[in-house]
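Heads up, the thing below is written out as structure tokens.
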Amino acid sequence: MEVHAYFISLYYSLVNSSAGGVNLSRPKYNTTLSFLRLDIDGNVRIYAYDDKVDWGAWELTFTLFD
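The following block contains the structure:
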């Protein structure tokens, strides 16, 4: 049995500065299909798609400023 660990990460690079990154979430499935959403109230949310379920496949996996 093969075991994998998945991460949703944010990597950044600034002009005239160093680059970096941070792991935002560690879902229990492959999150190749995911998107970042900036809401009108300033919240940042990440949704990930789980292709192993029949309904409710989009799951909120991370929220910033909630």
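Numbering (this note's numbering), first residue to last: 29 to 94. The beta carbon of each residue, even a glycine, is placed where N, CA and C say it ideally should be.
query                                                                                      : result
Spatially closest choice to Ile74 from Leu66, Gly49, Val43, by CA coordinates              : Leu66
Alpha-carbon to alpha-carbon, Asp69 and Asp79                                              : 30 angstroms
Pick from Glu87, Trp83, Ser53, Ser62 that is closest to Ser37, judged by C-alpha positions : Ser53
Simplified DSSP assignment, three categories, for Phe93                                    : coil
Rounded C-alpha distance that separates Ala85 from Tyr34                                   : 17 angstroms
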